Amino acid sequence: MDGLSEGLGALKLANIGSSLKFCLLAEGSADCYPRLAPTSQWDTAAAQGVLEGAGGEVLELSGEPFSYPARASLLNPFFLALPAKAAWRERLLTLARS
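Basically our numbering = 1-based index in the sequence shown + 1275.
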């Protein structure tokens, strides 16, 4: 988060669950949700569908679409969730990687 804060300035953090953060993005009430700590698939899968249905996207830090392939662990990799038409998408990906 330090890299994001330095690159973007003051951040407003929401102390709510991952699914609710996705919903805030879907309704246009939030600008981004960088998740740089562990979550499980059940924390994000349904809400990702809501966000993508509203035109948003969830990306791995590589920039690839976030998916749920079969794997031994149910933990998600770090990700960036964005609302529809996020103009600063590439900048946020770069900052989240740092």
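A virtual CB, placed ideally from N, CA and C, is assigned to each residue, including glycine. On a predicted model such as this, the values are computed, not experimentally measured, just so you know.
query, result
"For Val1333, which residues from the same chain have a beta carbon less than 6 Å from its beta carbon, with the 5 sequence-adjacent residues on both sides left out?", "Gln1323, Phe1341, Phe1354, Ala1356"
"Do you know offhand how far Gly1330's Cα is from Ala1312's?", "24 Å"
"Kindly indicate which three-state DSSP category Leu1299 falls into: helix, strand or coil?", "helix"
"Assign Ala1362 to buried or exposed, taking buried as 16 or more other Cβ atoms, counted over all protein chains shown, within 10 Å of its Cβ.", "exposed"
"Report the three-state DSSP secondary structure of Glu1335 (helix, strand or coil).", "strand"
"Here's the rule I'm using: 16 or more other beta-carbon atoms within 10 Å means buried, otherwise exposed. How should Gln1315 be labelled?", "The residue you asked about is not Gln; residue 1315 is Ser in the sequence shown. So Ser1315 ends up on the exposed side."
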